[in-house]
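Worksheet: one structure, shown below.
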Amino acid sequence: VTLDIVTHGFRLTVALRYLDHRGRLRAALRDVLEDARKAGVRIGRLYLDREFYTYEVLNWLRHEGLTVIVPLRLGSSQRKRWEHGQKSYVSEHLLKDSKGRGAPLPLRIHVVVRYQMGERFGKHGCQYLIYAVLGGLSLDARHEVPLRKTHELYRRRFGIESSYRIAHQALPRTCARSVPWRLLYLGVALMLENEWVILRLQYTSEGRQGPTGMALREELLRFEDLLELLFLSVSRILGII
Numbered sequence: 001v002t003l004d005i006v007t008h009g010f011r012l013t014v015a016l017r018y019l020d021h022r023g024r025l026r027a028a029l030r031d032v033l034e035d036a037r038k039a040g041v042r043i044g045r046l047y048l049d050r051e052f053y054t055y056e057v058l059n060w061l062r063h064e065g066l067t068v069i070v071p072l073r074l075g076s077s078q079r080k081r082w083e084h085g086q087k088s089y090v091s092e093h094l095l096k097d098s099k100g101r102g103a104p105l106p107l108r109i110h111v112v113v114r115y116q117m118g119e120r121f122g123k124h125g126c127q128y129l130i131y132a133v134l135g136g137l138s139l140d141a142r143h144e145v146p147l148r149k150t151h152e153l154y155r156r157r158f159g160i161e162s163s164y165r166i167a168h169q170a171l172p173r174t175c176a177r178s179v180p181w182r183l184l185y186l187g188v189a190l191m192l193e194n195e196w197v198i199l200r201l202q203y204t205s206e207g208r209q210g211p212t213g214m215a216l217r218e219e220l221l222r223f224e225d226l227l228e229l230l231f232l233s234v235s236r237i238l239g240i241i
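Encoded structure:
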């Protein structure tokens with residue numbers, strides 16, 4: 001489980017924990033949030049993967065007072081309840097504890113309707129994007145989640161998968177099956193990617209009008225170029241590796 005922060009369109013990984021099985025989702029999430037807080041990170045909203053759409057996780061986050069956006073995990077029969085109409089709308093849902101121990105958890109459901117024009121996979125017609133929103137419900141809430149911006153806000157986490165692909169370039173080739181070693185390798189790779197992001201912001205960006213206030217010169221420092229420079233530097237110190 002990783003926790004990334006997104007600021008001005010740039011992404012940094014601030015916490016990493018090993019998840020041994022799905023039943024420990026809440027514990028893993030609790031650990032990465034605690035690691036982030038120790039590092040001085042103030043969390044405004046959480047954009048979670050749909051795997052975190054569980055009663056245990058969301059009920060705990062409610063008590064933590066956090067604002068959360070997470071896609072619903074729906075079967076075909078459940079989708080019929082939400083996939084109707086041509087306009088986005090807000091509804092309510094009571095998420096029940098599958099173990100029957102806790103009281104139903106009230107959630108606000110944002111159904112964002114987008115019309116597909118055949119750009120992706122040649123599909124046309126209404127596309128229904130269904131999110132559960134927890135917290136930030138009052139009109140004066142600091143982190144209020146407007147219906148029309150729900151999908152736009154959640155899109156901020158879409159780059160996490162591409163971030164993993166970038167970090168994969170820095171992973172060593174190993175036959176080791178040791179989980180701690182593999183987690184260490186991934187942590188180092190993500191740290192290198194963080195440094196790459198910071199270096200680009202410092203040395204390859206220029207001021208420009210727009211949402212981020214800057215533009216990056218991508219060609220000036222690619223991730224593979226940084227890895228090559230690090231390899232040459234280490235080789236000079238330790239010899240050919």
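The sequence shown begins at 1 in the UniProt record's numbering and counts up one residue at a time. The beta carbon of each residue, even a glycine, is placed where N, CA and C say it ideally should be.
Exercise for the section: Using only alpha-carbon positions, find the residue among Val-133, Pro-71, His-124 that is nearest to Leu-105. Expected result: Val-133
Handout entry: Neighbourhood of Leu-230 by C-beta, 8 angstroms cutoff - its chain only, sequence neighbours within 5 removed
Key = Leu-192
Exercise for the section: Decide yes or no for the touch test of the stretch 46-54 against the stretch 63-76: beta carbon pairs closer than 8 angstroms, at least 3 of them. Expected result: yes
Practice task
Note down, in chain order, each residue of its chain lying with its Cβ closer than 8 angstroms to the Cβ of Pro-172, except the 5 sequence neighbours on either side.
Solution key: Around Pro-172: Tyr-185.
Handout entry: Coarse secondary structure for Thr-2, derived from DSSP in three states
Key = The answer is strand: DSSP assigns Thr-2 an E or B state.
Practice task
Leaving out five residues on either side along the sequence, give the residues of the same chain with a beta carbon under 6 angstroms from the beta carbon of Ile-198.
Solution key: Cβ within range, chain order: n/a, list empty.
Handout entry: Bounding residues of the alpha helix (DSSP H) (the contiguous stretch that carries Phe-223)
Key = 223-238
Handout entry: Residue environment, Leu-107, which counts as buried when at least 16 other CB atoms sit within 10 Å
Key = The residue is buried, with at least 16 neighbouring Cβ atoms inside 10 Å.
Exercise for the section: Answer with buried or exposed for Trp-196, where buried requires no fewer than 16 other C-beta atoms within 10 angstroms of its C-beta. Expected result: buried
Exercise for the section: Kindly indicate which three-state DSSP category Arg-165 falls into: helix, strand or coil? Expected result: helix
Practice task
Compare the C-alpha of Leu-66 against each of Gly-75, Lys-80, Leu-46, Asp-97 and name the closest.
Solution key: Leu-66 has its Cα closest to that of Leu-46, out of Gly-75, Lys-80, Leu-46, Asp-97.
Handout entry: Beta-carbon proximity list for Trp-181, same chain, < 7 angstroms, skipping 5 on both sides
Key = none
Handout entry: Within-8 angstroms CB hit, Lys-96 to chain E
Key = Considering every chain present, this structure includes no chain E. It has just one protein chain.
Handout entry: DSSP-derived helix/strand/coil call for Leu-134
Key = Here Leu-134 sits in strand by DSSP.
Handout entry: Buried versus exposed, by CB contacts within 10 Å (16 or more), Leu-61
Key = With 16 or more Cβ atoms within 10 Å of its Cβ, Leu-61 is classed as buried.
Exercise for the section: To the nearest angstrom, report how far apart Arg-200 and Phe-10 are at their CA atoms. Expected result: 10 angstroms
Exercise for the section: Determine the direct distance from the alpha carbon of His-8 to that of Leu-19, and round the result to whole angstroms. Expected result: 29 angstroms
Handout entry: CA nearest to the CA of Val-14, picked from Ala-39, His-21, Arg-30, Leu-29
Key = Ala-39
Practice task
Check whether the Cβ atoms of Tyr-89 and Val-57 lie closer than 8 angstroms to each other.
Solution key: For Tyr-89 and Val-57, no; Cβs fall outside 8 angstroms.
Exercise for the section: State the DSSP-derived secondary structure class of His-151, mapped to helix, strand or coil. Expected result: helix
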